[in-house]
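Asker:
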Amino acid sequence: MGNALLEINQLNKSFGRSKNIVHALKDIELAIEEGELVTIIGPSGCGKSTLLRIIAGLDGEYTGKVTLAGEAIKGPGIDKGFIFQEHRLFPWLTVEKNIASDLSLSDKDVRRRVDELIELVKLKGFEKAYPKELSGGMAQRVAIARALLRNPKILLLDEPFGALDAFTRAHMQEVLLEIWRANKTTMIFVTHDIDEAVFLANRVIILKPRPGEISAVVPVELPYPRQKATPIFQSLRLQVLSRFEQTEEFAFTEGAGI
Amino acid sequence: MNEMSHYAIEKEKAPGKWALAGLALILPAAVLVLWQLLGQYGYISQLLFPTPYAIAASAVDLAASGELWQHIQISSLRALTGYALGGALGLAFGILIGQFRRAEKLLDPTIQMVRMIPSLAIIPLFILWFGIGEESKILIIAKSAFFPLYINTFLGIRNVDNKLYEVARVLEFSHYKRIVKLIVPAALPNIILGARLSAGLSWLGLVVAELIASTSGIGYMMSDARQFADTPVVFVGIFLFAILGLATDWLLTLLERRLLSWKDRFTG
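Residue numbers (the numbering used here), protein chains in the order written: chain A, 1 to 258; chain B, 1 to 268.
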């Protein structure tokens, strides 16, 4: 065993009981090093969100071992930052108070860190805005800042840009990479978008459904910043796509929401 | 070049603030005018239905003698004390019971039982216990104010979005922070609704308490006037309650607008 930041051994999880049992995750083996940005990709129902929620400590009742920095995961906490598909900001708090949440902005240290993060996620001028006044991309940036304020050991993102339009999404990917470069935060990013997966990751992990198993791991050794329109990017994208098709018994069509 | 046609989205002209206030006054003003005319031309009994003018005159008299202000002050203080006591307890129990299913099973049935007992039915008991002093009145008012705040706080908390609870878990909110930063703000629309209903019932409780056993306050002024068949003073009391109730509600609506400015909602 190495000393990876996150280690998952023999992870199995099933839903339901007796006859209607659904094997959500089967024999997952995964090690993630500090500073990595790993994307997990798979069709709906492959268990990718379940896997992320187990790492976050939000879902329990599994068999196997999941450790973060050598310690078993006991429940959710600030060391495992989580970004949901919806921004989940508190609608009654302004941007800066949402980032601080339970911490007090009158604490000098918190104030300074919140200001830095607002700068980092490019929300200067919106400190006092309420969530109802923000666009989807801005709200999601606030959610990311809220998680980063707590210096998580790992940041878990569950299809965070899934509800955004294509332009905002591309912009958010850039913002996320910038944050990753600046903070060196370890990230696991769940998505169903192949472009997004290849654009962001050091490693793309492909899950296949029923039961949810890792079907392939594709390392992406392209230097950042990456250009989606280059032949080398496209060849990597095709590589991931072909892995997908190999392992999927169902017809894979582009734009099928996968 | 084609001739460009301009389309503007027809927007309904929004009525001004004063126009809306005027709208609210049309009905009461019409009733008052009709009432005055009917009384003046002898269609209704002046003894049972003194004209608005006679009522206003007796209000001016009462105000000039200082008696009116004294009654208003005493009644308002009672209503406010009872409201504060009952409302605070209702809020506290609502927050407690809203959070814990066990507390609900333990306490809610009893509370609902007490709710079903009419205030009028406990007054004799309270008078036996506390005499006709301030305690019995304030307790009657507190009992009235307790339930709307309790029930609405409870409901508000049970309606908090589970997704935000999950966020509170991920962010490791302490129990106290969970109440202050999540539960109370999320339930605030319901809590304020409860506060408004409680305020209304506080005035109601006050009237009940003062009419039955009292030596001061607006209710006393009214029952005293009834004994001397001084109908205008009875009407002054009725109008006073209407005005005080309305003013309280208006204050609470202002508070609501301030506290709920974050809400993105349909405004009609």
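Positions of the beta carbon are idealized from the N, C-alpha and C atoms, including for glycine.
With 7 angstroms as the limit, tell me which residues of the stretch 16-32 of chain A have their beta carbon closer than that to any beta carbon of chain B; keep them in chain order.
Answerer: Flagged: no residues at all.
Asker: Within 10 angstroms of the Cβ of D107/A, are there 16 or more other Cβ atoms? Answer buried if so, exposed if not.
Answerer: Reading the first sequence from its first residue, position 107 is the one you call residue 107/A. D107/A comes out exposed.
Asker: Using the beta-carbon of each residue, which ones in chain A are nearer than 7 angstroms to W203/B?
Answerer: Locating residue 203/B in the second sequence gives position 203, counting from the first residue. Here the premise fails: no neighbours, minimum Cβ distance about 30 angstroms.
Asker: Using a C-beta cutoff of 9 angstroms, does E86/A count as contacting chain B?
Answerer: Looking up residue 86/A in the first sequence gives position 86. Output row for E86/A: interface = yes.
Asker: Confirm, please, whether the CB-CB distance from F82/A to L157/A is below 9 angstroms.
Answerer: For the purposes of this step, residue 157/A is taken as the residue at position 157 of the first sequence. For the purposes of this step, residue 82/A is taken as the residue at position 82 of the first sequence. Yes, Cβ-Cβ distance for L157/A and F82/A is below 9 angstroms.
Asker: So what's D264/B in DSSP terms, helix, strand or just coil?
Answerer: Residue 264/B sits at position 264 when you count from the first residue of the second sequence. Coil.
Asker: In chain B, which residues lie less than 9 angstroms from P76/A when you measure between Cβ atoms?
Answerer: Stepping through the first sequence from its first residue, residue 76/A is reached at position 76. In chain order: E166, R169, V170, L171 and E172.
Asker: Under a Cβ-count criterion, where at least 16 other Cβ atoms within 10 Å of its own Cβ denotes burial, should Q140/A be classed as buried or exposed?
Answerer: Indexing the first sequence from 1 puts residue 140/A at position 140. Q140/A is buried by the Cβ-count criterion.
Asker: Go ahead and pull the three-state DSSP assignment for I44/B.
Answerer: As a working mapping, residue 44/B is identified with position 44 in the second sequence. Coil, per DSSP.
Asker: Counting only C-beta atoms, is L91/B closer than 9 angstroms to chain A at any point?
Answerer: As a position in the second sequence, residue 91/B is number 91, starting the count at 1. It does not; no Cβ of chain A falls within 9 angstroms.
Asker: Here's the rule I'm using: 16 or more other beta-carbon atoms within 10 Å means buried, otherwise exposed. How should W203/B be labelled?
Answerer: The residue labelled residue 203/B in the question sits at position 203 within the second sequence. Buried: at least 16 other Cβ atoms inside 10 Å.
Asker: Please check the pair F173/B and K181/B, which I expect to be a contact at CB under 8 angstroms, by giving their CB distance rounded to whole angstroms.
Answerer: Residue numbering aside, residue 173/B sits at position 173 when the second sequence is read from its first letter. Residue numbering aside, residue 181/B sits at position 181 when the second sequence is read from its first letter. Contact flag correct, Cβ pair sits at about 7 angstroms.
Asker: Could you tell me which residues DSSP pairs with E86/A in its beta bridges?
Answerer: For the purposes of this step, residue 86/A is identified with residue 86 of the first sequence, where counting begins at 1. In the DSSP output, where bridge partners are listed per residue, E86/A has none listed.
Asker: Whose C-beta lies closer than 7 angstroms to the C-beta of I44/B among residues of the same chain, with five residues either side of it excluded?
Answerer: Counting from 1 along the second sequence, the entry for residue 44/B is found at position 44. Excluding residues within five positions, the ones whose Cβ falls inside 7 angstroms are L38.
Asker: Please confirm if S135/A has its CB atom under 9 angstroms from at least one CB of chain B.
Answerer: The residue given as residue 135/A occupies position 135 in the first sequence. With 9 angstroms as the cut-off, S135/A does not count as an interface residue toward chain B.
Asker: Measure the beta-carbon distance from A187/B to R178/B and round it to whole angstroms, keeping in mind my assumption that it falls under 8 angstroms.
Answerer: On the second sequence, position 187 is the one that residue 187/B refers to. On the second sequence, position 178 is the one that residue 178/B refers to. Actually they are not in contact, since the Cβ atoms of A187/B and R178/B sit about 12 angstroms apart, beyond 8 angstroms.
Asker: Which same chain residues, not among the five before or five after A59/B, have their C-beta less than 6 angstroms away from its C-beta?
Answerer: Locating residue 59/B in the second sequence gives position 59, where the first residue counts as 1. These residues qualify, in order along the chain: V236.
Asker: Taking contact to mean at least 3 C-beta pairs separated by less than 8 angstroms, is the stretch 189-205 of chain A in contact with the stretch 27-44 of chain A?
Answerer: The stretch 189-205 of chain A, when compared against the stretch 27-44 of chain A, does touch it at the 8 angstroms Cβ threshold.
Asker: Just to check my reading of the structure: K128/A and D264/B have Cβ atoms closer than 8 angstroms, yes? What is that Cβ distance to the nearest angstrom?
Answerer: As a position in the first sequence, residue 128/A is number 128, starting the count at 1. As a position in the second sequence, residue 264/B is number 264, starting the count at 1. Going by Cβ atoms, the distance from K128/A to D264/B rounds to 16 angstroms, so no, they are not a contact pair.
Asker: Going by Cα to Cα distance, which pick from I78/A, G70/A, L25/A and V22/A is closest to R150/A?
Answerer: In the first sequence, counting from the first residue as 1, residue 150/A sits at position 150. The candidate whose alpha carbon is nearest that of R150/A is I78/A.
Asker: Does the beta-carbon distance from I111/B to I95/B come in below 9 angstroms?
Answerer: To locate residue 111/B, count along the second sequence from 1; it is residue 111. To locate residue 95/B, count along the second sequence from 1; it is residue 95. No.
Asker: Going by DSSP, which residues form a beta bridge with N12/A?
Answerer: As a working note, residue 12/A is residue 12 in the first sequence. Answer by DSSP bridge pairing, in chain order: T63/A.
Asker: For a test of the three-state rule: what should DSSP assign to S214/B, helix, strand or coil?
Answerer: By 1-based counting over the second sequence, the position of residue 214/B is 214. Note: S214/B maps to coil in three-state DSSP.
Asker: Taking the Cβ atom as the reference point for each residue, do S198/B and P148/B lie within a distance shorter than 9 angstroms?
Answerer: Locating residue 198/B in the second sequence gives position 198, where the first residue counts as 1. Locating residue 148/B in the second sequence gives position 148, where the first residue counts as 1. In contact: S198/B and P148/B (Cβ atoms closer than 9 angstroms).
Asker: In angstroms, rounded to a whole number, what distance separates the CA positions of D165/A and P185/B?
Answerer: In the first sequence, counting from the first residue as 1, residue 165/A sits at position 165. In the second sequence, counting from the first residue as 1, residue 185/B sits at position 185. Taking the straight line joining both Cα atoms gives about 31 angstroms.
Asker: Check whether the Cβ of L58/A lies closer than 9 angstroms to any Cβ atom in chain B.
Answerer: As a first step, residue 58/A must be located in the first sequence, where it is residue number 58. Taking Cβ atoms only, chain B reaches closer than 9 angstroms to L58/A, which makes this a yes.
Asker: Looking at the unbroken beta strand (DSSP E) that takes in L207/A, where does it start and where does it end?
Answerer: Against the first sequence, residue 207/A aligns to sequence position 207. R203 to K208 is the extent of the beta strand (DSSP E) around L207/A.
Asker: Rounded to a whole number of angstroms, what is the C-alpha to C-alpha distance between G125/A and E104/B?
Answerer: Walking along the first sequence from the start, residue 125/A turns up at place 125. Walking along the second sequence from the start, residue 104/B turns up at place 104. If I take the Cα positions, the gap works out to 45 angstroms.
Asker: Considering only DSSP beta bridges, list what A187/A is partnered with.
Answerer: On the first sequence, residue 187/A is found 187 positions in, with the first residue counted as 1. Strictly speaking, residue 187/A in this sequence is Met, with Ala absent from that position. Paired residues: L37/A and L155/A.
Asker: Is A72/A helix, strand or coil by DSSP?
Answerer: Stepping through the first sequence from its first residue, residue 72/A is reached at position 72. Strand, per DSSP.
Asker: Of the residues that make up the stretch 179-212 of chain B, which ones have a beta carbon closer than 8 angstroms to any beta carbon in chain A?
Answerer: Cβ contacts with chain A come from K181, L182, P185, A186 and L188.
Asker: So, helix, strand or coil for S215/A, using DSSP?
Answerer: For the purposes of this step, residue 215/A is taken as the residue at position 215 of the first sequence. Three-state DSSP puts S215/A in a strand.
Asker: Tell me whether V240/A is buried or exposed, calling it buried when 16 or more other Cβ atoms sit within 10 Å of its Cβ.
Answerer: Mapped onto the first sequence, residue 240/A falls at position 240. By the neighbour-count rule (16 or more Cβ atoms within 10 Å), V240/A is buried.
Asker: Starting from H23/A, follow its DSSP beta bridges and name the residues at the other end.
Answerer: Position 23 of the first sequence holds residue 23/A. DSSP output for H23/A lists S14/A as bridge partner(s).
Asker: Provide the residue span of the alpha helix (DSSP H) that contains H71/B, from first to last.
Answerer: As a first step, residue 71/B is located in the second sequence; it is residue number 71 there, counting from the start. From DSSP, the alpha helix (DSSP H) with H71/B extends over E67 to Q99.
Asker: If contacts are defined as beta-carbon pairs under 8 angstroms, then G45/A and G57/A qualify, I think. What distance do you get, rounded to the angstrom?
Answerer: Here residue 45/A is taken as the residue at index 45 of the first sequence, counted from 1. Here residue 57/A is taken as the residue at index 57 of the first sequence, counted from 1. Actually they do not touch by this definition, with Cβ atoms about 22 angstroms apart.
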